[in-house]
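Read top to bottom, the protein sequences are chains A and B. One point on numbering: in the working numbering, the residue at position 104 of the first sequence is 119, and numbering is uninterrupted. One point on numbering: in the working numbering, the residue at position 5 of the second sequence is 20, and numbering is uninterrupted. The beta carbon of each residue, even a glycine, is placed where N, CA and C say it ideally should be. To keep things clear, I will list the structure first and then write my remarks on it.
Number of protein chains: 2
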Amino acid sequence: MFRGINPLSLDGKGRLSLPAKYRQHLLDEGNGQLVLTIDRDRCLLLYPLPVWEEIERKLIQLSSTNSRARALKRLLLGHAEDCCLDASGRILLPAPLREFANLEKRVVLVGQGNKFEIWSEQGWYAWRESLLAEDQDQHGEPLPDLDTLAF
Amino acid sequence: MFRGINPLSLDGKGRLSLPAKYRQHLLDEGNGQLVLTIDRDRCLLLYPLPVWEEIERKLIQLSSTNSRARALKRLLLGHAEDCCLDASGRILLPAPLREFANLEKRVVLVGQGNKFEIWSEQGWYAWRESLLAEDQDQHGEPLPDLDTLAF
DNA sequence: AGTTTAGTGGCGAAAAGTGGGAAAAAGTGG
DNA sequence: CCACTTTTTCCCACTTTTCGCCACTAAACT
């Protein structure tokens, strides 16, 4: 399971070195082959290949009559890029994806169970603070309680 | 069961030595493996690994239905960090989490049954006093009666 | 008062993250 | 189809961070 927040830097070539603690697991699950795509919230998603293939299968089965489903499929499949861990544990983020997520030097890798999210540092903290602020004001529904998961 | 408040110090590297009375219990329950995450009230939560895994399982099932739940998942899973008791009974609090909870030198560890909360000393006393003051003013809902837990 | 145990601090070896150069490959235009 | 330019990939080197270990102080217990 991928967890936790990892502040990292992209180098000049757009490479991102994945934290060492995850590398072995990524090598076991799919030989270090990964798939990168975009998320609605302007971050990138990073899946181990086997996990992505499962999602891809479901995406393809989605009915083409529904226009929302077609749109989702086009977005996710259309932006999906294979990438591979290199010898020093890094992956290359293609320029178009970096631009989409506004990734420059400072980046945050966020573990999300079966996948990672990649945010620009600025984007991540902005998202977090706005969520916490909104929660405090009780504008939206409250968040569920953690232990019981009751709302 | 974890109870009580423990004033403690972080050292220069952000390490926190857990009170000796809890150590054996933490070693029994999950080999001293712990998970640290954040709480909305700007403190940290410290779970024994088995307890956290139960919560994590529920979190993952919860997602996709409700957008608030998705946000909660991103927040909690995204900030969850494994940590481990070291040889002298300490855990390392990662810098991003320390910053989130404004932890500097003086810290309070608060027992909460199946988990601990970690507050900055200042944050803890401020929270407590403001809660009591607000309760007295009858601004918010009153606190329930302790013995009956009726409102 | 001596002995033990808890909490704290800090050094140093090892590992992780980052940057850059050169070889290889791919793309582009004549 | 070949030559040139740009991009990609591989590899090595440097710097910083991390983590295990030991040492010190203070409090508690005998």
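Whole-angstrom distance between residue j and residue i, CA atom to CA atom
i	j	result
A165(B)	Q127(B)	20 angstroms
C58(B)	P34(B)	18 angstroms
I20(A)	L77(A)	32 angstroms
N117(B)	E96(B)	17 angstroms
L100(B)	W134(B)	19 angstroms
Q139(B)	F131(A)	First, the amino acid is wrong: residue 139(B) is Trp here, not Gln. Cα to Cα, the separation comes out at about 33 angstroms.
G47(A)	P63(A)	7 angstroms
E44(A)	R38(A)	10 angstroms
G104(B)	P22(B)	16 angstroms
E144(B)	P159(B)	17 angstroms
W67(B)	L112(B)	17 angstroms
K36(B)	E149(B)	34 angstroms
P157(B)	T163(B)	14 angstroms
A102(B)	L49(B)	14 angstroms
L161(B)	D152(B)	19 angstroms
Close-in-space but distant-in-sequence residues of the same chain around residue i (CB under 8 angstroms, 5 per side omitted)
i	result
K120(A)	S24, L25
K88(B)	L74, I75, L77, S78
L60(A)	L51, T52, I53, D54, K130, F131, E132, I133
W142(A)	D56, W134
Proximity winner among the options, relative to residue i (alpha-carbon distances)
i	options	result
P109(A)	A102(A), S103(A), C98(A)	C98(A)
L41(B)	R55(B), D54(B), P65(B)	P65(B)
I106(A)	G93(A), L124(A), L90(A)	L124(A)
L91(A)	G45(A), I70(A), A102(A), G104(A)	I70(A)
R85(B)	P22(A), L146(A), M16(A)	L146(A)
R72(B)	M16(A), W142(A), A148(A)	M16(A)
Close Cβ partners of residue i (< 6 angstroms) along its chain, the five nearest in sequence each way excluded
i	result
R1(A)	The displayed coordinates of chain A run from 16 to 166. Any statement about residue 1(A) would go beyond what the structure contains.
F115(B)	I53
H94(A)	T52, I53
Cβ shell of residue i (< 7 angstroms), same chain only, five flanking positions each side left out
i	result
Y136(B)	Note that residue 136(B) is Glu in the sequence shown here, rather than Tyr. Closer than 7 angstroms at the Cβ level, and outside the excluded window around E136(B), lie P22, R121, V122, V123.
### Query
Would you call the segment 30-37 of chain A and the segment 77-95 of chain A touching, i.e. three or more CB-CB distances under 8 angstroms?
At 8 angstroms Cβ cutoff, the stretches do not touch.
- prompt: Any residues in the segment 20-31 of chain A with a beta carbon nearer than 7 angstroms to a beta carbon of chain B? Which ones, in chain order?
  reply: Under the 7 angstroms Cβ criterion, the segment 20-31 of chain A contributes I20, P22.
Select from the segment 91-108 of chain B all residues with a C-beta closer than 9 angstroms to any C-beta belonging to chain A, and list them in chain order.
Here the close residues are L91, L92, G93, H94, A95, E96, D97.
Original post:
Which residues, in chain order, does the segment 119-140 of chain A contribute to contact with chain B at a C-beta distance below 7 angstroms?
Top reply: If you check each beta-carbon in the segment 119-140 of chain A against every beta-carbon of chain B, the ones closer than 7 angstroms belong to V125, G126, Q127, G128.
Under 9 angstroms, CB to CB, which of the residues in the segment 76-89 of chain A have a partner in chain B?
Those residues of the segment 76-89 of chain A that come within reach of chain B (Cβ to Cβ, closer than 9 angstroms) do not exist; the list is empty.
Using Cβ-Cβ distances below 7 angstroms, what residues of the segment 37-60 of chain B are close to chain A? If the cut-off is 7 angstroms between Cβ atoms, the segment 37-60 of chain B has R55 near chain A.
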